[in-house]
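*Asks:*
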Amino acid sequence: MNKLSLLPIACVVLWVFVYALDYIESSSGLGNPELESGRTEVEVVDIDGDGNVDILSIGDHGSPYINTQEHGIMVWFGDGNGNWSVFQNGNFGYGGIAIGDLNNDGYLDVGYGMHHNYSSTDFGDSILEAALGDGTGQNWQPWDDGISIGNPNEWGMFCTDVADINNDGLLDLGANSFGAGDGVHIFLNNGDGTWNQCFGFLGGNSTMDFCFGDVDADGNADFVVAHAYGTVYLGDGDGSFALADGNLPSGGNLGRRGPSLGDVDNDGNQDIAFCNSNGGVEVWTWSGNNTWVEFGGSLPNSGSYSVTQLCDMNIDGFVDVVAFGDGTASVWLGDGAGNWTIDATFTTPPPGTYSAFRVGGDADHNGYPDIALVAKEGDSWSAINHLRFFKETSSPGSLFVFPVYPRGAETLRAGSGRFIRWACGVPGAVSSCIRLECSTTGPAGPWSMIADPLPDNGQYQWFVPQDINSNNCYIRYTAMTSTDTVMSMTPSAFAIVTGTGVGEEVSLSQSSNLIISVQPSISKREFSIALRTRGKETERVSIYDVDGNLIRDLLTIYGAGEFVISWDGRDNNSLSVPAGVYFVAITSDVEKTSKKIVVVD
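FYI, the numbering for the sequence shown is 3 to 603, going by my numbering.
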């Protein structure tokens, strides 16, 4: 893309006219190949960098070549008007997919979990994999050494997502089981095509959905999952996760269905929506200390819904709720205070059984999120899945750009990989591009360049600079066409911080599987650290500084036992540290406890 000249700025404050949303189907080309049945996952991203979003999947039960021509990674390339053309590569399928730049070469890559790992080559012979792209969306190179869930009776993985779990600038991989048995698994990306598992468990029923986010706004990746063992897991920035369902209503033996994350009250924490066992839609906000507050207001307590998405559909600065089930898609507009107003509903042919649902891509550059879904259609004997896409119908009267993420109050970790997201409305069939800049000293700047020019596809994967520690950060978005330029910025400040956030004392009850004591708590030299573990999980003992930066992993423990180890904080050895406050932490797959120690001169 050629860089456009910077024209005089038309406006610096975005005013959005809010009106009733309306959707029209725009599925030309999505009937090829014909689908079959069962669950799948779709993502809507610009895989080839041409500025137009595309649709990606590895298909449903018909992939590969089971009563259909589905196979491998399927990309339906978008033309910017809501028309699609497919390209397929690989001999595997039936599963979920995630998109991100795994090796930081500027090209989008894929991770995917599947049930039909039928390939005779490295590309598609495992139930969870990653592959590098070359910028075309057509060619893929396996990049998945070390990814294995360790189950001799592997049945399959499914919905998959990527996030930078340990804040090292590399996107990591997580996935949920296909049905029962294979559990949840998270892998750290070493940046060289190899991966190490940092968290996971086997067993339990699953309804397959999985996504990363940041529930507690500490800058570390968390995730939600549709699984019987629990839904919300908080990350510590090192690769460990702890269950944080707190007082959420029971999910039953299948788990809470169709969970999604979004900041519905604009406090920086990402909140949760899900469908209950009665087919109703629920929203709960995170309030800290493993506590949730019901925020569903007038949302239906029962119905036929199976899945949710949280997204600002009318770009008014408040996250909305979208749900789908039994052929009905509904949009409720939020006001940030727990009030929800039904604004749009459309239907697909019966029976409309949910197979996949994704909200957020903008196929025609009108600035409003669109909806992709897969649902079963036909009579009870011959119903098959159909992939459909629905565009929001408005036409922008003038160029605008709207910040989607971050929006303020979030925390980002210095050195991490994060996604900046925006919405941009472009009048007529005009090409546009985006400039991104960052200020760490408030809305007046000065501004440093993030990237310019970028295709106007709504997303940029940002390596957050290492040397920033500020709670007064803003991103400035500039949208440019050949005739117009407009600007907008993050509505309020977000933070970029160093460290992992582990630097705090956390105590658990004596009934916990982890018990730790440190004697003495203040010393010039050696500390005695007594540990007791009663669980079957793997535990890691580590030292952190007061900012949460990892100093050293001291010990890894497998299973139950009692241990006493020593840490000399002042000797001339590899553990020597300056005087100050430190934390010794023991972390398992399900919980973490830490104690403060003080090194003095």
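Note that the Cβ used here is the ideal one computed from N, Cα and C, for glycine as well.
1. In whole angstroms, what is the alpha-carbon distance linking T480 and L401?
2. Ignore the nearest five residues each way along the sequence and tell me which others in R258's own chain have a CB closer than 6 Å to its CB.
3. Classify T492 as buried or exposed, calling it buried when 16 or more other Cβ atoms lie within 10 Å of its own Cβ.
4. Less than 7 Å between C-beta atoms, sequence neighbours within five positions excluded: which residues of the same chain meet that for L312?
5. Are the segment 194-208 and the segment 168-186 touching by the rule of at least three beta carbon pairs closer than 8 Å?
6. From what residue to what residue does the beta strand (DSSP E) around D345 run?
7. Is it buried or exposed for T123, if we count other Cβ within 10 angstroms and need 16 for buried?
8. Can you name the start and end residues of the beta strand (DSSP E) that R360 belongs to?
9. Going along the chain, which unbroken runs of the beta strand (DSSP E) with 3 or more residues stay wholly within the segment 189-231?
10. Around the C-beta of N34, are 16 or more other C-beta atoms found within 10 angstroms, so that it is buried, or is it exposed?
11. Mind reading off the beta-carbon distance from I49 to G135? Whole number of angstroms is fine, and I expect it under 8 Å.
12. Taking only beta-carbon atoms, is N278 less than 8 Å away from chain C?
13. Using alpha carbons as the reference points, say which of D337, V601, Y356, L533 lies closest to G329.
14. Of the choices T485, A425, N473, whose alpha-carbon is the least far from that of P457?
15. In whole angstroms, what separates the C-alpha of F94 from that of K597?
16. Report yes if the CB atom of G423 is closer than 8 Å to the CB atom of L414, and no otherwise.
17. Apart from the five residues on each side of it in sequence, which residues of its chain come closer than 6 Å, Cβ to Cβ, to G299?
18. Taking the beta strand (DSSP E) that E412 falls in, what are its first and last residues?
19. Could you tell me how far apart the beta carbons of D238 and T589 are, in whole angstroms, since I believe they sit closer than 8 Å?
20. When DSSP labels each residue in this structure, what does L335 get in the three-state scheme?
21. Under the criterion of a Cβ to heavy atom distance below 7 Å, does T310 qualify as lining the ligand COA?
22. Near L250, what residues of its chain come up, given a Cβ to Cβ distance below 8 Å and the 5 sequence neighbours on each side ignored?
23. Which of helix, strand or coil does DSSP assign to G609?
24. Determine the direct distance from the alpha carbon of N303 to that of A22, and round the result to whole angstroms.
25. Could you check whether G410 and A346 sit closer than 8 Å to each other, using their CB atoms as the reference points?
26. Buried or exposed for A604, please, with buried defined as at least 16 other CB atoms from any protein chain shown within 10 angstroms of its CB.
27. Here's the rule I'm using: 16 or more other beta-carbon atoms within 10 Å means buried, otherwise exposed. How should W334 be labelled?
28. By the three-class DSSP mapping on this structure, what secondary structure does N387 have?
29. Nearest to N268 by alpha carbon, out of V227, D218, G281?
30. Are at least three pairs of beta-carbons, each pair with one atom in the segment 50-70 and one in the segment 351-365, less than 8 Å apart?
31. In whole angstroms, what separates the C-alpha of N278 from that of P351?
32. Which word fits N141, buried or exposed, when buried means at least 16 other C-beta atoms lie within 10 angstroms of its C-beta?
33. Whole angstroms are fine: how far does the CA of Q521 sit from the CA of I599?
34. Where does L236 fall in DSSP's three states?
35. Sort out for me which residues DSSP pairs E394 with in a bridge.
36. CB D111 to CB G97, shorter than 8 Å?
*Replies:* Quick look at the numbers:
1. Your numbering for residue 480 matches position 478 in the sequence shown. Your numbering for residue 401 matches position 399 in the sequence shown. Those two C-alpha atoms are separated by around 11 Å.
2. Residue mapping note: residue 258 aligns to position 256 of the sequence shown, counting from 1. Counting only Cβ-Cβ distances below 6 Å, and skipping sequence neighbours, we find T233, F276.
3. Position 490 of the sequence shown, counted from the first residue, corresponds to residue 492. Buried, since its Cβ has 16 or more Cβ neighbours within 10 Å.
4. The residue given as residue 312 occupies position 310 in the sequence shown. The answer, listed in chain order, is S262, L263, G264, V266, A275, V321, V323.
5. yes
6. For the purposes of this step, residue 345 is taken as the residue at position 343 of the sequence shown. Taken as a continuous stretch (DSSP letters only), the beta strand (DSSP E) holding D345 covers 342-349.
7. Position 121 of the sequence shown, counted from the start, is the residue given in the question as residue 123. Classification of T123: exposed, given that the 10 Å Cβ count is below 16.
8. Here residue 360 refers to the residue found at position 358 of the sequence shown. Per DSSP, R360 belongs to the beta strand (DSSP E) from 353-361.
9. 197-203, 208-215, 224-229
10. Along the sequence shown, one-based indexing puts residue 34 at 32. Classification of N34: exposed, given that the 10 Å Cβ count is below 16.
11. Numbered from its first residue, the sequence shown carries residue 49 at position 47. Numbered from its first residue, the sequence shown carries residue 135 at position 133. At roughly 7 Å, the Cβ-Cβ gap stays under 8 Å, so I49 and G135 are in contact.
12. Included in the structure is just one protein chain, with no chain C present.
13. On the sequence shown, position 327 is the one that residue 329 refers to. Checked all of D337, V601, Y356, L533; the closest Cα to G329 is Y356.
14. The sequence position of residue 457 within the sequence shown is 455, counting from 1. Checking every option, the nearest Cα to that of P457 belongs to A425.
15. Numbered from 1 along the sequence shown, position 92 holds the residue referred to as residue 94. Numbered from 1 along the sequence shown, position 595 holds the residue referred to as residue 597. Near 48 Å, if we compare the C-alpha coordinates of K597 and F94.
16. Within the sequence shown, numbered from 1, the residue matching residue 423 stands at position 421. Within the sequence shown, numbered from 1, the residue matching residue 414 stands at position 412. It should be noted that the sequence gives Arg, not Gly, for residue 423. For R423 and L414, no; Cβs fall outside 8 Å.
17. Here the question's residue 299 lines up with position 297 in the sequence shown. Excluding positions up to five away in sequence, the list reads G340, N341, W342.
18. Counting from 1 along the sequence shown, the entry for residue 412 is found at position 410. Careful: E412 lies outside any beta strand (DSSP E) and carries neither H nor E.
19. Here residue 238 refers to the residue found at position 236 when the sequence shown is read from its first residue. Here residue 589 refers to the residue found at position 587 when the sequence shown is read from its first residue. D238 to T589, Cβ: 6 Å. Contact.
20. As a first step, residue 335 is located in the sequence shown; it is residue number 333 there, counting from the start. Residue state, collapsed to three classes: strand.
21. This structure does not include the ligand COA; it has no bound ligands of any sort.
22. By one-based count along the sequence shown, residue 250 stands at place 248. Taken in chain order, the residues that qualify are T233, V234, R258, I274, W286, W294.
23. The structure shown does not extend to residue 609, since the chain spans only 3 to 603, so no value can be given for it.
24. Here residue 22 is taken as the residue at index 20 of the sequence shown, counted from 1. Here residue 303 is taken as the residue at index 301 of the sequence shown, counted from 1. If you take the alpha carbons of A22 and N303, they lie about 24 Å apart.
25. In the sequence shown, the residue the question calls residue 346 occupies position 344. In the sequence shown, the residue the question calls residue 410 occupies position 408. Not a contact, by the Cβ cut-off of 8 Å.
26. Past the boundaries of the shown model lies residue 604; the chain is included only from 3 to 603, so the question cannot be answered.
27. Position 332 of the sequence shown, counted from the start, is the residue given in the question as residue 334. So W334 ends up on the buried side.
28. Position 385 of the sequence shown, counting from 1, holds the residue named residue 387. It is a strand residue.
29. Position 266 of the sequence shown, counted from the start, is the residue given in the question as residue 268. N268 has its Cα closest to that of D218, out of V227, D218, G281.
30. yes
31. As a first step, residue 278 is located in the sequence shown; it is residue number 276 there, counting from the start. As a first step, residue 351 is located in the sequence shown; it is residue number 349 there, counting from the start. Looking at the two C-alpha atoms, the distance is approximately 24 Å.
32. Mapped onto the sequence shown, residue 141 falls at position 139. The residue is exposed, with fewer than 16 neighbouring Cβ atoms inside 10 Å.
33. Sequence index remark: in the sequence shown, residue 599 carries index 597 (1-based). Sequence index remark: in the sequence shown, residue 521 carries index 519 (1-based). In a straight line, the C-alpha of I599 is about 9 Å away from that of Q521.
34. Residue 236 sits at position 234 when you count from the first residue of the sequence shown. Of the three classes helix, strand and coil, the one that applies to L236 here is strand, per DSSP.
35. Numbered from its first residue, the sequence shown carries residue 394 at position 392. Y25, per the DSSP bridge assignment.
36. Within the sequence shown, residue 111 is the residue found at index 109, counting from 1. Within the sequence shown, residue 97 is the residue found at index 95, counting from 1. No. Outside cutoff.
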